[in-house]
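Peer 1: Chains as they are written, first to last, in this note's numbering: chain E, 1 to 340; chain L, 1 to 271. Built from N, CA and C at the ideal position, the CB exists for glycine as well. Values in this document were obtained by computation on a predicted structure and should not be read as measured data.
In structure tokens:
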């Protein structure tokens with residue numbers, strides 16, 4: 001038992017060091033390459049110079065948003081995979097991103113962002129995501145009980161309806177609005193509003209904290225819903241709360257940063273391969289790894305074809321997918337060797 | 001006398017041939033072609049357009065295309081003698097229209113004022129209005145020369161034209177927007193770019209003296225406020241961050257191009 005905790009501490013410390021290194025790398029590289037001492041000097045003599053502006057108003061907010069969104073998406077994927085006991089489930093499978101995109105498209109097409117203000121776009125994204133969550137939940141619950149399998153199927157179907165509705169909006173709107181929708185869907189960590197970033201970070205960390213109240217139920221659910229019930233777990237309540245928590249996290253992320261795929265699918269898988277299947281370590285390690293992954297993906301997105309920038313979703317999809325395939329082939333090779 | 005008769009017959013044939021070429025029922029699948037026809041006063045020839053085209057409701061022009069594609073069936077029902085298409089249309093659509101015996105003219109997106117003018121003249125020729133369009137083009141070229149003469153000498157401000165946000169997109173070389181910058185006497189900070197995505201850091205490092213935000217469905221005011229927040233930025237110090245109307249800036253017709261240039265010069269040097 002002691003050995004297990006020692007391993008966990010070792011993994012967690014390693015991940016936190018990696019996160020710190022990623023943050024420093026992200027703050028250092030870009031159009032102006034800055035050394036660690038340069039960063040400290042610039043921050044110490046804080047003035048209105050261009051280097052200070054770039055560091056404090058561009059790189060720092062991106063890093064914070066990367067930590068919050070990466071962590072939140074990964075945690076959301078981990079919780080959903082735990083609830084559904086299905087490794088293919090991720091926040092976007094259930095139509096959450098489709099709902100958020102539909103909400104934003106609706107706001108752009110009907111000019112709400114021009115009428116009310118720019119904050120309406122993340123708000124519309126979140127409302128769209130929440131509406132989808134509500135529909136999936138309502139269609140999947142019968143007499144107060146949630147049917148997990150039907151929930152997944154409902155999610156996929158509603159996701160199709162949402163994406164088709166978005167196509168409908170896009171095909172009937174003006175080219176100006178179409179342009180706005182396409183740009184928004186691409187996803188980016190380029191968010192200048194620091195208050196929005198702070199809210200996202202607080203929500204992400206708060207959700208990580210809340211999810212730890214459900215570690216035992218999540219571990220019990222690994223044995224199956226029936227067995228978890230026999231162990232005295234209120235599975236219905238657990239599933240409802242965790243589903244809402246995961247959806248809320250994904251909805252907020254899509255609303256703030258657009259559609260960034262694969263984080264919620266790949267990171268939980270990687271963590272299971274690395275630290276095992278106990279949720280006590282899985283939740284926090286997924287959060288930290290998601291943050292590392294997104295911060296590093298953002299570094300690649302804004303430097304690989306610099307001074308041009310790639311949509312971050314392109315990097316998360318390609319890099320994440322390749323790493324995942326490599327690790328999977330290595331682990332299957334190792335298991336063959338063990339059995340041989 | 002015989003010579004005179006031959007000349008008259010030749011003139012008559014030319015007239016007849018010309019009339020056969022002159023399009024009377026046009027379907028425009030290109031928004032700026034639709035706009036050009038309106039500016040020539042030839043909108044009565046338009047029978048079909050896209051849902052992106054800006055047309056008068058009273059003209060009763062049928063919408064036959066959207067982002068989802070062109071409704072071939074609707075185009076055929078309008079019995080057009082000319083369809084004007086562009087790179088925005090699928091090659092299959094153009095092939096299909098040709099298969100039904102419809103004359104299709106292809107219009108590529110003009111990359112400079114000169115190309116805008118020659119395309120405008122070409123459209124004018126298609127509707128038999130060469131003289132009219134040549135006059136319009138000559139007038140706009142004269143306006144442009146006067147505007148160029150009004151630019152203060154010795155100034156070449158660094159310009160950033162933003163056409164997208166999250167991710168940030170810039171106007172790049174070989175586009176009419178880049179030509180606008182050049183003609184306004186400015187220097188495009190994305191002059192070395194081949195693709196439009198750009199990092200905010202790069203913009204700050206290049207320190208543009210003037211920033212134009214084109215209202216392409218993005219939250220222009222929010223973007224303007226963001227640029228103004230960067231106190232170290234020259235454009236922010238001189239408060240030269242402006243929002244431009246996309247309709248004017250991105251519609252490649254000689255009149256709108258010179259209108260956009262006039263506004264840019266005013267904002268760059270006389271604001």
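List the DSSP bridge partners of residue 39/L.
Peer 2: Paired residues: none, contrary to the question.
Peer 1: Mind checking who residue 62/L pairs with in its DSSP beta bridge?
Peer 2: Paired residue(s): 48/L.
Peer 1: Using a Cβ-Cβ cut-off of less than 9 Å, give me the residues of the segment 242 to 261 of chain E that come near chain L, in sequence order.
Peer 2: If the cut-off is 9 Å between Cβ atoms, the segment 242 to 261 of chain E has 257, 258 near chain L.
Peer 1: Output the boundary residues of the alpha helix (DSSP H) element that contains residue 81/E.
Peer 2: 60 to 84 is the extent of the alpha helix (DSSP H) around residue 81/E.
Peer 1: For the beta strand (DSSP E) that residue 86/L lies in, which residues bound it at each end?
Peer 2: First-last of the beta strand (DSSP E) with residue 86/L: 82 to 86.
Peer 1: Which chain L residues sit within Cβ distance under 7 Å of residue 302/E?
Peer 2: Chain L residues near residue 302/E: 199.
Peer 1: Could you pull the start and end residues of the alpha helix (DSSP H) that residue 164/L belongs to?
Peer 2: That residue, residue 164/L, is in no alpha helix (DSSP H); its beta strand (DSSP E) goes 158 to 164.
Peer 1: Residue 16/L by DSSP, collapsed to three states: which one?
Peer 2: Bear in mind that the predicted position of residue 16/L carries a pLDDT of just 44, short of 50, making it unreliable; the figure below should be weighed with that in mind. Looking at residue 16/L - three-state DSSP - the assignment turns out to be helix.
Peer 1: Note the first and the last residue of the continuous beta strand (DSSP E) segment covering residue 214/L.
Peer 2: Per DSSP, residue 214/L belongs to the beta strand (DSSP E) from 210 to 214.
Peer 1: At the level of alpha carbons, what is the spacing between residue 169/E and residue 159/E?
Peer 2: Going from the Cα of residue 169/E to the Cα of residue 159/E covers about 15 Å.
Peer 1: Would you check if the distance between the CB atom of residue 71/E and the CB atom of residue 287/E is smaller than 8 Å?
Peer 2: Yes. Within cutoff.
Peer 1: Would you kindly work out how many angstroms separate the C-alpha atoms of residue 36/L and residue 208/E, rounded to a whole number?
Peer 2: Whole-angstrom Cα-Cα distance: 58 Å.
Peer 1: Mind reading off the beta-carbon distance from residue 226/L to residue 31/E? Whole number of angstroms is fine, and I expect it under 8 Å.
Peer 2: That belief does not hold up - the Cβ atoms of residue 226/L and residue 31/E are roughly 17 Å apart, past 8 Å.
Peer 1: Among 214/E, 256/E, 299/E, which has the Cα closest to the Cα of residue 243/E?
Peer 2: It is 214/E.
Peer 1: So, with DSSP's three-state summary, where would you put residue 102/L?
Peer 2: Three-state result, residue 102/L: coil.
Peer 1: Would you please state the rounded distance, in angstroms, between the beta carbons of residue 285/E and residue 15/E? I believe it to be under 8 Å.
Peer 2: Between residue 15/E and residue 285/E the Cβ distance is about 6 Å, and since that is below 8 Å, they are a contact.
Peer 1: Just mark residue 307/E as buried or exposed, buried being the case when its beta carbon has 16 or more other beta carbons within 10 Å.
Peer 2: When all chains shown are included, residue 307/E counts as buried.
Peer 1: Would you say residue 226/E faces chain L, with C-beta separation under 8 Å as the test?
Peer 2: No, residue 226/E does not count as interfacial toward chain L.
Peer 1: Please report the straight-line C-alpha distance between residue 12/E and residue 174/L, rounded to a whole angstrom.
Peer 2: Going from the Cα of residue 12/E to the Cα of residue 174/L covers about 51 Å.
Peer 1: Runs of 3 residues minimum, wholly inside the segment 239 to 314 of chain E: which ones carry the beta strand (DSSP E) assignment?
Peer 2: Whole beta strand (DSSP E) segments, 3+ residues: zero.
Peer 1: Is residue 100/E closer than 8 Å to residue 125/E when the C-beta atoms are compared?
Peer 2: It is a contact, given that the beta carbons lie within the stated cut-off.
Peer 1: Around the Cβ of residue 113/L, are there at least 16 other Cβ atoms within 10 angstroms (buried) or fewer (exposed)?
Peer 2: So residue 113/L counts as buried.
Peer 1: Just to confirm, is the Cβ distance from residue 218/E to residue 279/E under 8 Å?
Peer 2: A contact, by the Cβ cut-off of 8 Å.
Peer 1: Indicate whether the contact test is met: 3 or more Cβ pairs, each with one atom in the segment 75 to 89 of chain L and one in the segment 99 to 118 of chain L, closer than 8 Å.
Peer 2: These segments touch.
Peer 1: Going straight from the alpha carbon of residue 69/E to that of residue 22/L, what length do you get?
Peer 2: Going from the Cα of residue 69/E to the Cα of residue 22/L covers about 59 Å.
Peer 1: Compare the C-beta of residue 246/L with all C-beta atoms of chain E and state if any pair is closer than 8 Å.
Peer 2: Residue 246/L counts as touching chain E.
Peer 1: With a threshold of 16 other CB atoms inside 10 Å of the CB of residue 53/E, please say whether the residue is buried or exposed.
Peer 2: Buried, because 16 or more other Cβ atoms sit within 10 Å of the Cβ of residue 53/E.
Peer 1: Pull the bridge partners of residue 188/L from the DSSP assignment, please.
Peer 2: Paired residues: 159/L.
Peer 1: Compare the C-beta of residue 310/E against all C-beta atoms of chain L and say whether one is closer than 8 Å.
Peer 2: Yes, residue 310/E counts as interfacial toward chain L.
Peer 1: Do residue 253/L and residue 120/L have their C-beta atoms closer together than 8 Å?
Peer 2: Cβ distance < 8 Å, so residue 253/L and residue 120/L count as in contact.
Peer 1: I'd like to know if residue 165/L contacts chain E, where contact means its C-beta is closer than 8 Å to some C-beta of that chain.
Peer 2: Yes, contact with chain E.
Peer 1: Could you work out which residues of chain L lie near residue 184/E, taking near to mean beta carbons separated by less than 8 Å?
Peer 2: Near residue 184/E (Cβ distances below 8 Å), the residues of chain L are 166.
Peer 1: Using only the alpha-carbon positions, how far apart do residue 193/E and residue 148/L sit?
Peer 2: When rounded, the distance between both Cα atoms is 39 Å.
Peer 1: Spell out a yes or no on whether the segment 186 to 199 of chain L and the segment 307 to 321 of chain E are touching, meaning 3 or more CB-CB pairs, one atom from each, closer than 8 Å.
Peer 2: The segment 186 to 199 of chain L vs the segment 307 to 321 of chain E: in contact.
Peer 1: Can you name the residues of chain L whose CB is closer than 8 Å to the CB of residue 57/E?
Peer 2: Those are 229, 230, listed as they occur along chain L.
Peer 1: Output the boundary residues of the beta strand (DSSP E) element that contains residue 27/L.
Peer 2: That run of the beta strand (DSSP E) goes 26 to 28.
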